[in-house]
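Numbering (my numbering), first residue to last: 99 to 442.
A short worksheet on the structure shown next.
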Ligand SMILES: Cc1cc2nc3c(=O)[nH]c(=O)nc-3n(C[C@H](O)[C@H](O)[C@H](O)COP(=O)(O)OP(=O)(O)OC[C@H]3O[C@@H](n4cnc5c(N)ncnc54)[C@H](O)[C@@H]3O)c2cc1C
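Laid out in structure tokens, this is it:
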């Protein structure tokens with residue numbers, strides 16, 4: 099099976115994939131594969147949904163997931179305007195934090211919010227040193243019970259006005275990142291600056307965060323390993339894609355973009371596929387490659403809206419392109435799918 103067929107077969111497992119969406123996934127694979135993938139010319143298995151959970155382990159939606167469902171309904175009516183984007187991202191943050199923080203760490207953060215010490219927290223992953231952890235500028239060293247952390251993080255949602263954050267950091271001991279909770283009094287010592295023009299009609303600003311802080315070892319978010327991140331991403335990505343497709347529907351209805359019927363049908367179909375996938379996670383194990391396939395298809399559709407001129411307003415086109423990078427660029431998604439579904 100070819101790589102594009104593997105992705106399309108996975109999507110088709112969850113709902114109807116219109117011919118147009120198949121075409122842009124195919125064209126997307128052709129334009130995104132790297133040299134190694136072309137030379138390798140492997141065979142692939144279908145990207146599939148996770149396996150059924152063992153009996154009795156069904157996981158109904160928790161309070162955060164229920165709140166996300168309500169935000170999804172609001173986004174369908176109002177798009178990402180009126181603070182809906184930030185509301186969704188805040189709930190994603192809560193979902194992730196619940197997976198990587200201990201009960202004490204969660205109580206500590208809740209107390210900062212309750213006593214007014216902090217209002218905004220962020221997840222700081224993208225690094226000024228580049229995408230590979232070997233090149234990261236953000237790294238910590240242990241000194242007794244304390245950690246000294248050099249921070250150089252970029253492109254963080256509202257990074258210039260965060261009060262505290264979970265900082266992904268390299269270290270000499272580990273090949274994968276560690277997450278460190280930087281509390282408000284230390285976070286205040288970091289330099290913060292807005293970066294680039296805002297998105298979403300001026301309502302979404304990214305910021306860079308840098309400097310040096312010292313925190314207690316108890317600030318290490320010990321649940322923040324690769325497994326928790328994978329489960330989080332398989333839950334967050336399809337929810338984000340559903341919201342993106344709803345936002346596209348709102349842009350269409352309000353005349354900010356002009357879609358062909360094929361583009362419109364594909365956005366509706368992908369919204370349904372994304373919803374079906376994450377609702378099925380109640381009974382099935384999360385499948386990271388399925389979430390990657392859904393995000394890849396979403397990226398390709400958003401890029402098609404820009405390339406075809408459907409989004410004539412430059413600021414709207416820029417927003418749509420930016421959302422193809424957040425929570426997984428096309429290359430990142432394809433590379434990970436390739437690594438996981440290759441027949442060895
Ligand atoms: C609106 C928005 C909000 C964001 N919010 C946050 C946030 O809150 N926190 C945060 O940490 N980050 C945030 N980011 C950053 C985002 O999450 C990504 O880190 C960033 O867009 C880079 O994605 P990527 O690593 O997938 O890189 P890519 O852009 O895909 O590139 C990674 C590397 O892969 C290689 N590569 C890329 N394409 C190819 C190709 N075709 N062939 C071969 N090699 C290739 C290159 O070496 C490149 O440097 C945000 C970004 C946006 C636009």
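A virtual CB, placed ideally from N, CA and C, is assigned to each residue, including glycine.
Cβ distance (whole Å) where residue i is taken to contact residue j below 8 Å
{"i": "residue 392", "j": "residue 372", "result": "5 Å"}
{"i": "residue 209", "j": "residue 441", "result": "The Cβ separation is near 51 Å, so there is no contact."}
{"i": "residue 290", "j": "residue 307", "result": "5 Å"}
{"i": "residue 438", "j": "residue 387", "result": "5 Å"}
{"i": "residue 239", "j": "residue 345", "result": "So it is not a contact: roughly 42 Å between Cβ atoms."}
{"i": "residue 288", "j": "residue 249", "result": "6 Å"}
{"i": "residue 177", "j": "residue 348", "result": "3 Å"}
{"i": "residue 397", "j": "residue 428", "result": "5 Å"}
{"i": "residue 99", "j": "residue 131", "result": "Residue 99 to residue 131, Cβ: 15 Å. No contact."}
{"i": "residue 182", "j": "residue 166", "result": "That belief does not hold up - the Cβ atoms of residue 182 and residue 166 are roughly 11 Å apart, past 8 Å."}
Identified DSSP bridge partners for residue i
{"i": "residue 302", "result": "297"}
{"i": "residue 312", "result": "246"}
{"i": "residue 382", "result": "150"}
{"i": "residue 241", "result": "244"}
{"i": "residue 307", "result": "251 and 290"}
{"i": "residue 209", "result": "Its beta-bridge partners do not exist; DSSP assigns none."}
{"i": "residue 266", "result": "277"}
{"i": "residue 225", "result": "251"}
{"i": "residue 142", "result": "440"}
{"i": "residue 318", "result": "278"}
{"i": "residue 219", "result": "262"}
Cβ shell of residue i (< 6 Å), same chain only, five flanking positions each side left out
{"i": "residue 162", "result": "189, 192 and 193"}
{"i": "residue 360", "result": "118"}
{"i": "residue 260", "result": "218 and 220"}
{"i": "residue 350", "result": "357"}
Residues near residue i by beta carbon distance below 7 Å, same chain, minus five either side
{"i": "residue 330", "result": "193, 194 and 197"}
{"i": "residue 326", "result": "197 and 198"}
{"i": "residue 303", "result": "256, 258, 292 and 296"}
{"i": "residue 203", "result": "279 and 319"}
{"i": "residue 227", "result": "233, 234, 235 and 250"}
{"i": "residue 215", "result": "282"}
{"i": "residue 414", "result": "349, 354 and 355"}
Distance CB(residue i)-CB(residue j) smaller than 8 Å
{"i": "residue 403", "j": "residue 421", "result": "no"}
{"i": "residue 106", "j": "residue 123", "result": "yes"}
{"i": "residue 276", "j": "residue 252", "result": "no"}
{"i": "residue 274", "j": "residue 324", "result": "yes"}
{"i": "residue 385", "j": "residue 103", "result": "no"}
{"i": "residue 222", "j": "residue 286", "result": "no"}
{"i": "residue 115", "j": "residue 432", "result": "no"}
{"i": "residue 374", "j": "residue 112", "result": "yes"}
{"i": "residue 355", "j": "residue 408", "result": "yes"}
{"i": "residue 436", "j": "residue 101", "result": "yes"}
{"i": "residue 381", "j": "residue 156", "result": "yes"}
{"i": "residue 368", "j": "residue 395", "result": "yes"}
{"i": "residue 300", "j": "residue 254", "result": "no"}
Beta-carbon contacts of residue i that lie in its chain and below 8 Å, excluding the five residues immediately before and after
{"i": "residue 315", "result": "240, 243, 244 and 245"}
{"i": "residue 281", "result": "206, 210, 262, 313 and 317"}
{"i": "residue 425", "result": "331, 334, 335, 338 and 393"}
{"i": "residue 419", "result": "400, 401 and 404"}
Can you pull every residue whose C-beta falls closer than 5 Å to some heavy atom of ligand 1, listed in chain order?
In chain order, the hits are 132, 223, 224, 229, 253, 254, 255, 420, 423, 424, 427, 429 and 430.
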